[in-house]
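J.:
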Amino acid sequence: MTRFLIGRLLSAIPTLFVVTLATFLILWLVPGDISAEIGGIDATAEDLAAIRERLGLDRPLYERALLWYGNLLKGDLGHSYLLNRSVADAVLERLPVTLSLAGLALVIATGIGVLLGILASVRHNTWLDQGAMVAALIGLSIPDFWFGIVLIILFAVQLGWFPTGGFVPINEDPLGWARCMALPAFTLAITQMGVIARMTRSSMLDVIKQDYVRTARAKGMRGSTVMFRHALGNAMVPIVTVVGVITGVLLSGAVVIEMVFSLPGVGRLIVGAIQRRDYPIIQGGLLVTACVFVFVNIVVDILYGVFDPRVRDGR
Amino acid sequence: MAASDAAAETDLSLGAEIARARRRRRTDFLRRLVQHRSFLIGAVILALFILVAVFAPFLAPYGPTEINYRAILAPPNATNWFGTDGYGRDIASRVIYGTRVSLRIGLVVVVTTGILGTILGTAASYIDWLDGLIMRTLDGLMAFPGVLLAIALAAALGPSEVNAIIALTVTFTPRTARIVRASVLVVQGMQYIEAAHAVGAGHARIIFRYILANALSPLIVQLTFVFAVSIIAEAILSFLGVGPPPPAPSLGNIIADGRSYIQEAWWIAVFPGMVIAIAVLGLNLMGDGLRDVIDPRQRAMGGH
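Going down the list, the protein sequences come from chains A and B.
Take any residue in the first sequence, note its place counting from 1, add 13, and you have its number in the numbering used here.
Take any residue in the second sequence, note its place counting from 1, add 3, and you have its number in the numbering used here.
1) Tell me which residues share the same chain as Gly-18 of chain B and place their Cβ nearer than 8 angstroms to its Cβ, disregarding the 5 neighbours each side in the sequence.
2) Suppose the cutoff is 8 angstroms on Cβ atoms and the five residues either side in sequence are ignored; what does the same chain contact list for Leu-23 of chain A look like?
3) Interface residues of chain B around Ile-155 of chain A at Cβ under 7 angstroms?
4) Could you check whether the Cβ of Thr-172 of chain B sits closer than 8 angstroms to any Cβ belonging to chain A?
5) Among A:Val-273, A:Val-104, A:Asp-89 and A:Asp-55, whose alpha-carbon lies nearest the alpha-carbon of Cys-193 of chain A?
6) Measure the alpha-carbon distance for Leu-160 of chain B versus Ile-155 of chain A and round it to whole angstroms.
7) Report the rounded CA-to-CA distance for Phe-274 of chain B versus Trp-174 of chain A, giving the unit in angstroms.
8) Mind checking which residues open and close the alpha helix (DSSP H) that includes Val-81 of chain A?
9) Who pairs with His-92 of chain A in a beta bridge, going by DSSP?
10) Taking just the CA atoms, how far does Pro-73 of chain A sit from Ala-303 of chain B?
11) Which residues of the segment 217–229 of chain B have a Cβ closer than 9 angstroms to any Cβ of chain A? Give them in chain order.
12) Tell me which residue opens and which closes the alpha helix (DSSP H) that Arg-73 of chain B is part of.
13) For the alpha helix (DSSP H) that Val-112 of chain B lies in, which residues bound it at each end?
14) How many angstroms separate the CA atom of Val-262 of chain A from the CA atom of Thr-254 of chain A?
15) How big is the Cα-Cα spacing for Leu-254 of chain B and Ala-158 of chain B?
16) Per DSSP, which one or two residues make a beta bridge with Thr-315 of chain B?
17) Just the C-alpha distance for Val-268 of chain A and Thr-28 of chain A, rounded to the nearest angstrom, thanks.
18) Once DSSP output is grouped into helix, strand and coil, what is the label at His-200 of chain B?
19) Could you name the residues of the same chain whose beta carbon sits closer than 8 angstroms to that of Gly-290 of chain B, not counting the 5 residues immediately before and after it, in chain order?
20) Go ahead and label Met-193 of chain B buried or exposed: buried means 16 or more other beta carbons lie within 10 angstroms of its beta carbon, across all protein chains shown.
21) Does the beta-carbon of Thr-15 of chain A have 16 or more other beta-carbons within 10 angstroms, so that it is buried, or is it exposed?
22) Given that a residue counts as buried once 16 or more other Cβ atoms are within 10 Å of its Cβ, and exposed if not, what is Asp-295 of chain B?
23) Give me the Cα-Cα distance between Gly-143 of chain B and Arg-103 of chain B, rounded to the nearest whole angstrom.
24) Kindly indicate which residue of A:Ala-195, A:Leu-95 and A:Leu-86 has the alpha-carbon position closest to the one of Ala-286 of chain A.
25) Spatial neighbours of Leu-153 of chain A within its chain, please: CB distance less than 7 angstroms, with the 5 preceding and 5 following residues excluded, ordered by chain position.
26) Taking the alpha carbon of Tyr-100 of chain B as the point to measure from, which residue in B:Phe-242, B:Pro-250 and B:Tyr-129 has its own alpha carbon closest?
27) Please return the same chain residues whose Cβ sits closer than 8 angstroms to the Cβ of Val-307 of chain A, not counting the five positions on each side in sequence.
28) Within the segment 113–178 of chain A, note down every full beta strand (DSSP E) run reaching 3 residues or more, in order along the chain.
29) Check whether the Cβ of Pro-277 of chain A lies closer than 8 angstroms to any Cβ atom in chain B.
30) Listing by chain order, which chain B residues have their CB less than 7 angstroms from the CB of Thr-28 of chain A?
31) Would Gly-203 of chain B pass as a contact of Ser-41 of chain B if the rule is Cβ separation under 8 angstroms?
32) Just to make sure I have the definition right: I need the residues of chain A whose C-beta is within less than 7 angstroms of the C-beta of Trp-314 of chain B. Which are they?
33) Name the residues in the segment 256–272 of chain A whose C-beta lies less than 7 angstroms from a C-beta of chain B; which are they?
34) By Cβ distance below 6 angstroms, which residues in the same chain neighbour Thr-116 of chain B in space, the five residues on each side in sequence not counted?
35) Going by other Cβ atoms of all chains shown within 10 Å of its Cβ, with 16 needed for buried, is Arg-107 of chain A buried or exposed?
36) In angstroms with no decimal places, state the Cα-to-Cα distance between Asp-88 of chain B and Val-111 of chain B.
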């Protein structure tokens, strides 16, 4: 298991290298004079020179890359001139909101999705199965940010059950926090629920056909025990894979949903930075979110090993 | 003389036999596809979507950017089916024209992603020393969650339709290339490839005539889903202000407009989103159907 763990951690290195390189190159894609864009309209010539100096714009690309990596190793993601603070501070301050939104959505999507999938597989080829699968397909065809707006119109504007947006920290007012997070988390979850339900159903259908499930039934075990202990346990590996993929979709979805519900997370920071052309913040937000995703994928692979001993021993 | 004649004759009849078998397999495939209910529903939805986009100037009662100050924020009614926005522009007309933007971006992204994905995937599986480099790079790009990379790329390049297409292509190519690589690797191990090498077929002939032809099905299924995701992603880019810039009637732009009127005019945001959902549902149904018919074992294996 230790060797498996170390191997998995090492394999993240090339990935992180590409992620950081791509993030660095994004600044190079910007057409025109970036220092003027970053400095804003009222920047003086000295300001612009200072920005160029700081970003190393007057130096060749490879030197700028070395500077970027040197700073990264020190934990320095750059400096936002418009916010006049360190990019790392600005992003990390917003990260908890984004992570709690994505996490909440993941719990809702997995919980309901797995249940729906099991139900559909147990009642295979009935109206319940087909209804659940149609609902799942509709769910994954809906643009989530639009669905968020529809929920606001219905439950906030018309019925007034939830606020139309905004955020209350959980340590100040847990109930207010829950009211603010309910609609956005549900919005994010609804599209991914379908993906999990479809995956759960198909891998359950595979497992149910296996001999050991028939044996367990033949022994006279209760139907629900067979389903949850024997079938679901073995259907877990593909489900965990999908949950890993979905986490990425939820992270990027959270970025957009934060805009819809005015939540102060990394997404709103990035989109605000796009409007102000604050490129260091865009880079920092992108990089940190990608690193979170890389970390999640490592955890998913380790969970693989937990659920399926063949993965960690054999290979 | 007689012997070689006979050989030519059997050769000919064998060739005809193969051609017949191939035709039979093709019509058989098409028949199963047409009989597949969800594929059929999806195909009809996509056809309608394409018709609306193509005939937009004839279908739309008003111009997409036509301003009417006497009908500001009018709710849906007989003259403005989907209501009007803050400038009195007809939402129905804007949505009808908006399908053009979605379709254009979706189709171009499918083509560019298909070409790039095929080149990279084939190169990775065919040329040993490139495999590691290409695959590690693609893995790295796939580490950016969802459409976040597309958002950042479009933000850096500036808001325009072409830049949105570039951003989405870069974002969707890695997974497509992976799928091509995986299926090319399987085909490469087949005996008929070895046989083709043995009879002296060139690399180009083997790649195009044998490998790609036989690795095509998973790519087609994947591209159907790329089409679906591109339509949603275009809307996201437009909504965040990094897609085709307003007043262009892209479906995402209309929803973004509607976001600021949720208190007084629900119709601005609601209708364009419904059109996106229906189009994407059609493509997802088609993709599911194709996957079912091509490879029944892969049935309903989640996600994109």
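Beta carbons are placed, not taken as given, at the ideal position from N, Cα and C, and that holds for glycine.
T.: The relevant details are as follows:
1) Beyond the five residues adjoining it in sequence on each side, Gly-18 of chain B comes within less than 8 angstroms, by CB distance, of no other residue in the same chain.
2) none
3) Ala-280
4) no
5) A:Val-273
6) If you take the alpha carbons of Leu-160 of chain B and Ile-155 of chain A, they lie about 28 angstroms apart.
7) 23 angstroms
8) Position check: residue 81 of chain A holds Trp in this sequence, whereas Val was assumed. Where Trp-81 of chain A is concerned, the enclosing alpha helix (DSSP H) stretches over 74–86.
9) A:Ser-99
10) Annotation note: pLDDT 43 at Ala-303 of chain B (below 50); position unreliable, no value reported.
11) none
12) Run containing Arg-73 of chain B: none; DSSP gives neither H nor E here.
13) 94–129
14) 13 angstroms
15) 19 angstroms
16) There is simply no residue 315 of chain B to check, as chain B begins at 4 and stops at 307 in what is shown.
17) In this structure, the CA atom of Val-268 of chain A is about 22 angstroms from the CA atom of Thr-28 of chain A.
18) helix
19) Gly-45, Val-224, Thr-227, Phe-228 and Ala-231
20) exposed
21) exposed
22) Answer is buried; the Cβ neighbour count reaches 16.
23) So the two alpha carbons sit approximately 33 angstroms from each other.
24) A:Leu-95
25) Thr-204, Gly-207 and Val-208
26) For Tyr-100 of chain B, the closest of B:Phe-242, B:Pro-250 and B:Tyr-129 by C-alpha to C-alpha distance is B:Pro-250.
27) Ala-25, Thr-28, Leu-29 and Val-32
28) Listed in chain order, nothing qualifies, since the segment 113–178 of chain A has no complete beta strand (DSSP E) run of 3 or more residues.
29) no
30) Going along chain B in sequence order, the residues near Thr-28 of chain A (Cβ under 7 angstroms) are Asp-142, Gly-143 and Ala-146.
31) No; because the gap between Cβ atoms is not below 8 angstroms, this pair is not in contact.
32) The question about residue 314 of chain B has no answer, for chain B in this structure spans 4 to 307.
33) Within the segment 256–272 of chain A, the residues whose Cβ lies closer than 7 angstroms to any Cβ of chain B are, in chain order, Val-258, Gly-261, Val-262, Leu-264, Ser-265, Gly-266, Val-268, Val-269 and Met-272.
34) Its chain contains Thr-172, Phe-175, Thr-176, Thr-179 and Val-229 as the residues whose beta carbon lies nearer than 6 angstroms to that of Thr-116 of chain B, once the 5 sequence neighbours on both sides are disregarded; these appear in chain order.
35) buried
36) 30 angstroms
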